[in-house]
């Protein structure tokens, strides 16, 4: 029976994946061959990106004026001496503070003994950078060089009317500093944190570069792209906050020795806000089969529905899958912060109860993929199985958690529920919360379980 | 007058030899002028003597070097293991249930006399013995199933049962050919298995008993198919994969033992207790091998939760179920880790 149902299952997963677009960071490692092949066309980014917006004088003027403040940021693998990651950054103080994305320098944060961070300036100078502050939730990092240049960018604001022309600078694929013109399309609110929707082409290597208004003020930091001119910027306000935080601690002690502690605290603060917010509101309830279940718990979540009623198969199913829109980058193989929950209503269409329960059990046995982390970062799951009574209905419940190795207060948590009072129908419910504390996960799971209602 | 029988016995208590005496006196020793001549270097030339008296027998030690010892019939059963005759500690009166004969000692039928390294059981001809055991041939049950039509009736039931199982595990209406092919597969397996045992039986007994083997193997399949789901039910009710696995392994072990023991019984002359021992050990090996392979094959890191997801229809469920709060409290232990300070 297994292979047949497995194919069914994979179709379902396929729908889920296509519904939620994969996110790609605007950076990558360019190989020399790749640079050679692309170098001919890469000098003029607007030619290669088929942008409908023509190059204007404004872009040229801005580039001329501010290119000295924009840097290429390189993470160097100390054992080979080669670049491991490249991105962009920009100087925003006279003291040599340089902003970039956390994900650009994450390797050096996690393994400072194996990596160092360097900059490459417009004039070809290379220098070393210290990591001063990080904000993993908003994907920002502040670096500092002792060898600062006299020119720096000033902070602006991040709210404009939609359609305002804005400019993004960076060094795509190690091809040389470029400027991209695009359109400001508002702040994205349905997200774990606010982001600027930028209609323009960000490319690999531009991560961490500045986005400027026509006055040359920084409105945000390049962060990610979904391709096809759909890109995102981190609003400059978060950078201002992060900079304020280092100004506050300045003088106490120079270098942060334990970034893991910092990251853990930031994640805990972030999820506290997220989960307290979720638990504090009343949730939209959606009908599925004979039950009513939590739908979009807040506007951070989107739900997709799907169903199948195949003529040959003697059962039918309806599914609802809800997920928060974003995750938080911690390291190349570790992403966290996402909350996902889904439901599958399974109903017999001619199967006797024993046959039905074979199918039902199969669907119950399929775990969430948990591709967010690898063995280096998390321990094995531990599970507790039992019967739970929720508003007069009996459920088989399996609650599992795995601890993060570097952030021991954080867990990936997985709840699986199967209604078990009915002979030929049943509801499966699953909740996944990535990177949460025991306390917050229990608060969320308690409310999730207690919200589920069975319509008599 | 009752005759005296002296049995020379091994450490295990089994008889090695015996001699019957009808005189009033039985002299025992290494010398050739004795009534019972014992070739044991630790026995004196004239070691001891058994005499008849009114109403009984006495054992007298004839100042032997190593002494004469008696294990009373009642004590003998318990002390058989450790009262092996050896260099005797003459300083002690009694040792391991043995009583030293100083001058003379009254003895009874069934007592064991220990001289040197030799053990003699003293028996009177009127000694009571256990009734004869029935000769255990191929048991009546196997005679019963050694019938062509019965064996094929069982095989046909298995054929249908395998089809029913296939039907239960499917979620579509399966074509008839699917049931036939599954049933035929099963039949071939059972026929080959029974054929091998028949061949073994033919080699040993010159008689194959094919129908008996066929019936027995088919019965095994039928019983296994019917009672194995009990393990699922048990694990589901207790929410414990360990219980499901233990129950499943136990059922499997018992049934495989019975299967092998049955085939050995039909095909060989091996004593029944050896049949059972061989069957139990063999099936235990299979089960242990299975369990070890299962755990050894488990990856050290599994990226997804290992869900114990067994579900069975709600017939006769009695578990009341925890409240959400109770469940969360119980599950708090999954967050506990060594050195985590919770």
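Chains as they are written, first to last, in my numbering: chain U, 11 to 466; chain D, 686 to 1027.
From the three backbone atoms N, C-alpha and C, an ideal C-beta is built for every residue, glycine too.
For residue 928 of chain D, three-class secondary structure by DSSP:
Here DSSP, grouped into helix, strand and coil, assigns residue 928 of chain D to helix.
Near-chain U residues of the region 939-952 of chain D (beta-carbon distance less than 7 Å), N- to C-terminal order
Per Cβ criterion, the list is empty.
Provide the residue span of the beta strand (DSSP E) that contains residue 177 of chain U, from first to last.
Looking at the DSSP string, the run of the beta strand (DSSP E) that includes residue 177 of chain U is 175-180.
Sequence-distant residues of the same chain with beta carbon closer than 7 Å to residue 463 of chain U, five excluded per side:
Sequence-distant partners of residue 463 of chain U (beyond 5 residues in either direction) whose C-beta falls short of 7 Å from its own C-beta, in its chain, are 301, 302 and 401.
So, under 8 Å CB-CB, residue 168 of chain U and residue 247 of chain U are touching, yes? Tell me the CB distance rounded to an integer number of Å.
Correct: roughly 6 Å between the Cβ atoms.
Backbone CA spacing between residue 1014 of chain D and residue 392 of chain U [nearest angstrom]:
A direct Cα-Cα distance of roughly 15 Å separates residue 1014 of chain D from residue 392 of chain U.
List, in chain order, every chain D residue whose beta-carbon is nearer than 9 Å to that of residue 336 of chain U.
Under the 9 Å cutoff, chain D gives no residues; its nearest Cβ is about 21 Å from residue 336 of chain U.
When you compare each of D:699, D:827 and D:948 to residue 875 of chain D by their alpha carbons, which one comes out closest?
Per the Cα distances, D:948.
Counted within 10 angstroms of its Cβ, other Cβ atoms place residue 89 of chain U as buried (16 or more) or exposed
An exposed status is given to residue 89 of chain U, since fewer than 16 other beta-carbon atoms sit within 10 Å of its beta-carbon.
Using three-state DSSP, classify residue 323 of chain U as helix, strand or coil.
Of the three classes helix, strand and coil, the one that applies to residue 323 of chain U here is strand, per DSSP.
Looking at chain D, is there any beta carbon in it that lies within less than 9 Å of the beta carbon of residue 340 of chain U?
Judged by the 9 Å Cβ criterion, residue 340 of chain U is not in contact with chain D.
Can you check which of these residues, U:414, U:242 and U:358, is closest to residue 192 of chain U by C-alpha distance?
Nearest option by C-alpha distance: U:242.
Please tell me whether residue 366 of chain U has its Cβ less than 9 Å away from any Cβ of chain D.
Output row for residue 366 of chain U: interface = yes.
Name the residue from U:109, U:173, U:75 and U:69 whose alpha carbon lies nearest to the alpha carbon of residue 82 of chain U.
The shortest Cα separation from residue 82 of chain U among U:109, U:173, U:75 and U:69 belongs to U:109.
So what's residue 762 of chain D in DSSP terms, helix, strand or just coil?
Any answer about residue 762 of chain D is weak, because its pLDDT of 47 lies below 50 and its placement is not dependable; what the coordinates show is given next. Helix, per DSSP.
I'd like the ranges of any beta strand (DSSP E) spanning at least 3 consecutive residues and lying wholly in the region 108-181 of chain U.
Entirely contained in the region 108-181 of chain U, the beta strand (DSSP E) runs reaching 3 residues are, in chain order, 125-130, 136-145, 150-154 and 175-180.
Within 9 Å (strictly less), CB to CB, does residue 764 of chain D reach chain U?
For residue 764 of chain D, the predicted model reports a pLDDT of 44, less than 50, meaning its position is unreliable and no value from the coordinates is stated.
Go to residue 403 of chain U, then tell me how far its beta strand (DSSP E) extends in each direction, as first and last residue.
403-413 is the extent of the beta strand (DSSP E) around residue 403 of chain U.
May I ask you to check if the CB of residue 711 of chain D is nearer than 8 Å to at least one heavy atom of the ligand COA?
This structure does not include the ligand COA; it has no bound ligands of any sort.
Using DSSP's beta-bridge definition, name the partner residues of residue 100 of chain U.
For residue 100 of chain U, which the question treats as bridged, DSSP gives the partners U:80 and U:109.
For residue 394 of chain U, return the contacting residues in chain D, with the cut-off set at a CB-CB distance below 9 Å.
Close partners of residue 394 of chain U in chain D (Cβ separation under 9 Å): 924, 1012, 1015, 1016, 1017, 1018 and 1019.
Name the chain D residues that come within less than 8 Å of residue 278 of chain U, Cβ to Cβ?
Correct list: empty, because the minimum Cβ distance to chain D is about 15 Å.
Applying the criterion that 16 or more other CB atoms from any shown protein chain within 10 Å of the CB defines a buried residue, is residue 739 of chain D buried or exposed?
Per the 10 Å Cβ criterion, exposed.
Looking at C-alpha atoms only, which residue of U:310, U:450, U:291 and U:356 is the closest neighbour of residue 461 of chain U?
Between residue 461 of chain U and the set U:310, U:450, U:291 and U:356, the nearest pair of CA atoms involves U:291.
Using the DSSP secondary-structure output, state which residues sit across from residue 464 of chain U in a beta bridge.
Its beta-bridge partners are U:301.
Outcome for residue 804 of chain D when other beta-carbon atoms lying within 10 angstroms are tallied against a minimum of 16
Burial call: buried.
Indicate the three-state DSSP secondary structure (helix, strand or coil) for residue 943 of chain D in the structure shown.
Note: residue 943 of chain D maps to helix in three-state DSSP.
Can you find the residues in the same chain that come closer than 7 Å, C-beta to C-beta, to residue 965 of chain D, ignoring five residues on each side of it along the sequence?
Excluding positions up to five away in sequence, the list reads 942.
If we count the other Cβ atoms within 10 Å of its Cβ and call it buried at 16 or more, is residue 151 of chain U buried or exposed?
Per the 10 Å Cβ criterion, buried.
Three-state class that DSSP yields for residue 279 of chain U in the structure shown:
It is helical.
Rounded straight-line distance, which links the Cα of residue 394 of chain U to that of residue 154 of chain U:
The straight-line gap from Cα to Cα measures roughly 48 Å.
Tell me which residue opens and which closes the alpha helix (DSSP H) that residue 828 of chain D is part of.
Taken as a continuous stretch (DSSP letters only), the alpha helix (DSSP H) holding residue 828 of chain D covers 825-830.
What's the C-alpha gap between residue 179 of chain U and residue 342 of chain U?
Whole-angstrom Cα-Cα distance: 24 Å.
When the Cα atoms are used, what is the spatial distance from residue 969 of chain D to residue 312 of chain U?
Looking at the two C-alpha atoms, the distance is approximately 54 Å.
Residues of its chain near residue 53 of chain U, where Cβ-Cβ distance is below 7 Å and the 5 sequence neighbours each way are ignored
At residue 53 of chain U the pLDDT is 30, less than 50, meaning the model places this residue with poor confidence; the figure from the coordinates comes in the next sentence. 186.
Give the interface partners of residue 995 of chain D over in chain U, defined as CB-CB distance under 8 Å, in chain order.
Correct list: 371.
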